[in-house]
Structure formats: C-alpha cells, structure tokens
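One structure is given here, and the rest of the page talks about it.
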Amino acid sequence: MNAPLPTHLIPGLRPLPAAALQALRQHFGDRCSTAASVREQHGRGESVYDAQPPEAVVFCESNDDVVFVVKLANEHAVPVIPFGVGSSLEGHLLAVQGGVSVDLSRMTKILSVNAEDLTVTVQAGVTREQLNREIKDTGLFFPIDPGANASLGGMAASGTNAVRYGTMRENVLGLTVVTAAGEVVQTGTRAKKSSAGYDLTRLFVGSEGTLGVMTEVTLKLFPLPEAVSAAVCHFPSIDAAVQTTIQIIQMGVPIARCELLDANAIRAVNAHSKLALREAPMLLMEFHGSEASVKEQAETVQELAREQGGEDFQWAATPEERSRLWAARHQSYFAALQTRPGCRCQSSDTCVPISRLAESINQSVEEAEASGIPYWIVGHVGDGNFHLSYLMDPDDAAEVEAVERLNVQMVQRALRLGGTCTGEHGIGLHKMGYLAEEAGPGAVEMMRGIKRALDPKNIMNPGKVFAM
Ligand SMILES: Cc1cc2nc3c(=O)[nH]c(=O)nc-3n(C[C@H](O)[C@H](O)[C@H](O)COP(=O)(O)OP(=O)(O)OC[C@H]3O[C@@H](n4cnc5c(N)ncnc54)[C@H](O)[C@@H]3O)c2cc1C
25 MNAPLPTHLI PGLRPLPAAA LQALRQHFGD RCSTAASVRE QHGRGESVYD AQPPEAVVFC
85 ESNDDVVFVV KLANEHAVPV IPFGVGSSLE GHLLAVQGGV SVDLSRMTKI LSVNAEDLTV
145 TVQAGVTREQ LNREIKDTGL FFPIDPGANA SLGGMAASGT NAVRYGTMRE NVLGLTVVTA
205 AGEVVQTGTR AKKSSAGYDL TRLFVGSEGT LGVMTEVTLK LFPLPEAVSA AVCHFPSIDA
265 AVQTTIQIIQ MGVPIARCEL LDANAIRAVN AHSKLALREA PMLLMEFHGS EASVKEQAET
325 VQELAREQGG EDFQWAATPE ERSRLWAARH QSYFAALQTR PGCRCQSSDT CVPISRLAES
385 INQSVEEAEA SGIPYWIVGH VGDGNFHLSY LMDPDDAAEV EAVERLNVQM VQRALRLGGT
445 CTGEHGIGLH KMGYLAEEAG PGAVEMMRGI KRALDPKNIM NPGKVFAM
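Residues in the sequence shown are numbered from 25 upward in steps of one, following our numbering.
Next comes the structure, spelled out in structure tokens:
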C-alpha cells in the first residue's frame, strides 16, 4: 500500500469510448498501449501516491501525432495527460479522471542549433543530458539541471532553476503548443526579448500540462565557461552552511551552483556511490568564468566558509572528479530510498527570500529530528530553495499522517516568511491546498478563468493545480 489519495481530490472518471480507443489503435498501431504495466508506469511518476493509471498510453513521434490524440480527446471530452520521463514528485501524472497519457519521450530531435544566436529548438522529449551531449561541439551548453535527467518539455512544464542562470521561465524563448482544441500555436520568437502582446510562453511554462501540450521548445544556450571548478566544503551545522550561502548571494558572488546536502544525504550517497565524504552538512559548489574570476570567486567563498567554521575545502580538479560529485548528488534520491527498504519517499520543496533561508531550514530540521522519521535534505540553497524528503512506511498510517503534518508546517512556514509553497516541483496534486493560501482567492480565480478560456472542456491534465 502507498499513501492514499486524499478523498476530496478524487473526481469522477471520464471513460474513453470504445470507438475512440479503436481510433487511437488505428492511428498509433503498437505505439498505443493498454497494458497494465505501461498504464501503471504512466499514472504515478515519483510521487508518494498509489498509481492512478490512464486508460491508454500513446507514444507520439510528431506534432501530427499529438494533434491527432488531442483532437480526439477533445471530441470525446476525455482527459489528456502529457508525459515526459515521469520524474515529477507531486502527483502530476496521476490520471485522476482517467483518459490518455501522451508520452513525448520519443520526440527526441534537436530541430535547429543557432550557435551565433545562442539558441536551440528541440522536440519536447529531448532530455537535458541528451541536449548537452549533442551540442557539445558548438562550445555551448544548457545549464538548467533539475537533479533528474528530465525531458525539456517536462522541465518547461515545471519550474526548475540554477542559481546563476535563472529558471526555465527565463530560459525558454518560445514554444510550439498543441492546444486543448488540437490547434498548433507558436509562442515567442528566437529574439532575446519581446514586448509584443501577452507573454504566452511564460503562461505555458510552469502550467504542468493543464493548458496544452508543448511539442517543441526554443531555449537559450550559454557559452561553455573558459574555466569550471567545483568544490565541497563541510560545516559544523546546517545553519553554518546556510549562513555561508546567504553571504555568498548577498555579496553578489556569481556562483554557478550551490547545493546543500545534509549528513543523512551524504551517508546515503557514500553507501550508494562508494564515496568517502565526511558525514557532516556540506555545500557542493561550482564556479564558472575566466581563470581569474573563478579563482577570485573561490577565494571569496573559502573566506566566507571559514568564518562559519567550514572545513575540508576540497577541489574537484578534473572533469571526471566533478562529474562523480554531481552524479552522487543526482543519485541522492535513489540512494536514500535504498536506506529504508519498502519505504516511500515524500519529497517536498519550498523557497523563501534568501535572508529567511536559515530560519526556514533550521526549524524544518528541528521538526524532522523530533519526529524520529528518517529524512534527508538537499537544496538549491543559492536560490533560497530546499527539498526535505521523508522516508516513510506506507503501511503505517500514523507515520504517513505525521509526514503530511510536517509538510504542512514546512509549507506554512515558507508562506509566513514571504516565500512559496514550491520553488521547483510544482503544485501537482499534493500542493493544491496551498496554492489558494499563497496566491489568494482572486489570483486563483483568475487562473481558473485562463484555464476555462484555453481548455473549456477541462481535458488537459484535469484535477491538478486547482480544482475546477
Ligand atoms: C531524483 C529526482 C530529483 C529531482 N530534483 C528536482 C529538482 O531539484 N528540481 C526540480 O524542479 N525538480 C526535481 N525533480 C522533479 C522532476 O525531475 C522535474 O519536475 C522535471 O522537470 C519533470 O520532468 P519530466 O520529463 O520527468 O516530466 P513528467 O514528470 O513526465 O511531467 C511533469 C509535468 O509536466 C507535464 N508535462 C510533461 N511534458 C510536457 C509537455 N511536453 N507539455 C506539457 N506538459 C508536459 C506533465 O503533464 C506533468 O504535469 C526531481 C525528480 C527526481 C526523481
């Protein structure tokens, strides 16, 4: 048994008529699946909830495929749930009203690289790692890294970021979108900025599949820095690591990445990735720039760390060492899951103004420690963002309830401190209750108005973000 879906979030199913399923089979052939294992895999993601499988999964290879399935779904008022690689954490992919999962993972073409303009246009199923591998020879790269090898469509649909380079919202220039009516619409241009009309690109970025299916994404690229260096530094407490981060940001050091791992996360990655990192709170940092600026940034940061008791400043000198450290960070989720066999992970993120970060994390740590439930923390702390994950026994109702209570406390604290209930993971199903609290009823009603205008039959990933 996994965490049960809160009953108030389970709306009625909207069955797929036999004729519509037949039409999908005819169009997609063996790229249309109703196998239980495929449907299960597409109806859960990495969320804590039981799977709610869609009735069918179609594997799209072109815009025309997406248009076909969305037009059909619109005709029959059946839900459409876009699917990237299924790494989302907040229940985004559960087919709570049934319908068709539209898997974009086979749309993996890099459509055009415009190296002189520092832009690239890709199909939505291209993953972050694939993109960086394929454009390596241009001397450019795409810096946003959600921690999983997610699809760029899925990343655009949520809010991933990197401290120096901004969020997906700043880095997506344009989109090709298949609307709920099955029309193909282009938003944005390849120009760096535009003040022409409403900003539809940014409306779709972060919309979690509830407004349309993004099939192509135009992104900003960045020159590979002349020098890159990564370092780890251990601290006597999480507070000391966070205070160092706050000072780095407040002093305007242009650090590229700044990740916190607590001792629990390190213990798990040491066991999983055969590392011997000291099991104490640690910052994993990366500096980009010219040789001189990287040296200067590193010196400033070392000084700030030392003032907070930071020790063991260790440099990853070679690209291989750097990759090994980042791979360990990326595997922390799966490493931690292995430490409590049979557990399910509830991973929640909040983001606060940087000056309130210490308060936000420290109190959450105190509550997590007092609960006695295994947990770990990682965080893109340079943004004021952290992720607290509990490893809970899904068959222990009291533990499941306690974890949810701790999550409510953490989110409400973030809101009190002027922050948001999610800096990156998105609302999905799990955080629906907090959106109204954060945005206020007027703003949520405005969002509902936009949803009604773009998706009058409520077929696009229904039952997510807010109730209709
Ligand atoms: C180990 C691990 C670490 C993670 N760390 C982070 C992190 O640090 N920061 C972070 O932000 N996230 C993190 N995540 C969550 C996840 O990786 C991101 O949310 C990611 O952006 C989702 O991409 P995906 O391709 O897996 O999308 P999916 O999970 O398949 O879909 C996510 C949402 O986007 C919608 N969607 C997907 N593709 C499209 C499309 N083409 N058009 C319209 N809607 C679409 C879906 O309907 C769904 O609502 C982590 C996940 C894991 C497993």
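The C-beta atom is built at its ideal place from N, Cα and C for all residues, glycine as well.
Only a predicted model underlies this, so the values are computations on that prediction, with no experimental measurement involved.
- Item | Three-state secondary structure (DSSP) of proline 473 | What sits at residue 473 in the sequence shown is glycine, not proline. Three-state result, glycine 473: helix.
- Which class does lysine 244 belong to by DSSP, given the choice of helix, strand or coil? strand
- Message: Just checking alanine 359 against ligand 1 - is the residue's beta carbon closer than 7 Å to any of the ligand's heavy atoms?
- Response: no
- Consider the C-beta atom of methionine 238 and the heavy atoms of ligand 1; say whether any pair is separated by less than 7 Å. yes
- State the DSSP-derived secondary structure class of glutamate 461, mapped to helix, strand or coil. helix
- Message: Going by C-alpha to C-alpha distance, which of Val81, Arg214, Gln362 sits closest to serine 137?
- Response: For the record, residue 137 in the displayed sequence is valine; it is not serine. The shortest Cα separation from valine 137 among Val81, Arg214, Gln362 belongs to Arg214.
- List the endpoints of the continuous beta strand (DSSP E) containing isoleucine 283. In the sequence as presented, isoleucine is not what sits at residue 283; that position holds glutamate. 281-285 is the span of the beta strand (DSSP E), which, as asked, contains glutamate 283.
- Length-filtered (4 minimum) alpha helix (DSSP H) runs lying within the stretch 345-423: 356-361, 381-395
- Query: Among Gly366, Ser182, Ser297, Ala265, which one has its Cα closest to the Cα of cysteine 282?
  - Reply: Ala265
- Query: Looking at the structure shown, is glycine 177 part of a helix, part of a strand, or coil, going by DSSP?
  - Reply: helix
- Message: Can you give me the C-alpha to C-alpha distance between glutamate 99 and glycine 236, rounded to a whole angstrom?
- Response: 15 Å
- Message: Please identify the residue among Val432, Ser314, Leu248, Tyr222 whose C-alpha is closest to the C-alpha of serine 384.
- Response: Val432
- Task: Report yes if the CB atom of isoleucine 262 is closer than 8 Å to the CB atom of proline 305, and no otherwise.
- Result: yes
- Could you pull the start and end residues of the beta strand (DSSP E) that glutamine 76 belongs to? Careful: glutamine 76 lies outside any beta strand (DSSP E) and carries neither H nor E.
- Item | Beta-carbon proximity check, serine 182 vs serine 297, cutoff 8 Å | no
- Does the beta-carbon distance from valine 489 to threonine 234 come in below 8 Å? yes
- Message: DSSP has aspartate 127 in a bridge; who is on the other side?
- Response: Phe83, Phe107
- Query: Nearest-angstrom Cα distance between glutamine 321 and serine 175?
  - Reply: 32 Å
- Query: Where does the unbroken alpha helix (DSSP H) through aspartate 263 begin, and where does it stop?
  - Reply: 262-274
- Which residue comes first and which comes last in the beta strand (DSSP E) that contains glutamine 147? 143-147
- Query: Between leucine 96 and glycine 442, what straight-line distance do the alpha-carbon atoms span, to the nearest angstrom?
  - Reply: 43 Å
- Can you list, in chain order, the residues of its chain whose CB lies under 6 Å from that of methionine 25, leaving out five sequence neighbours each side? Legend: pLDDT at methionine 25 = 38, less than 50; position of this residue unreliable, value from coordinates given subsequently. If we look at methionine 25 and ignore the five residues flanking it on each side, its Cβ neighbours are Pro418, Asp419.
- Task: Express the C-alpha separation of arginine 330 and lysine 216 in angstroms, rounding to a whole number.
- Result: 40 Å
- Item | For glycine 110, the nearest candidate out of Gly163, Gly177, Leu48 (CA to CA) | Gly177
- Helix, strand or coil at asparagine 26 [DSSP, three-state]: Residue placement at asparagine 26 is flagged as unreliable, the pLDDT there being 45, under the threshold of 50; a coordinate-derived value is accordingly withheld.
- Query: From glycine 212 to leucine 40, what does the alpha carbon distance come to, in whole angstroms?
  - Reply: 34 Å
- For the stretch 115-122 and the stretch 69-78, state whether three or more C-beta atom pairs, one from each stretch, are separated by less than 8 Å. yes
- Task: Less than 8 Å between the CB atoms is what I'm expecting for glycine 149 and serine 129, so what's the real figure, rounded?
- Result: 5 Å
- For serine 317, the first and last residue of its enclosing alpha helix (DSSP H): 315-331
- Task: Pull up the distance between the alpha-carbon of valine 318 and that of histidine 66, whole angstroms please.
- Result: 43 Å
- Item | valine 81 versus serine 71: straight-line alpha-carbon distance, rounded | 19 Å
- Message: If you follow the beta strand (DSSP E) that histidine 258 is in, where does it begin and where does it stop?
- Response: 251-258
- Inter-residue spacing [alpha-carbon to alpha-carbon] between leucine 48 and serine 57: 9 Å
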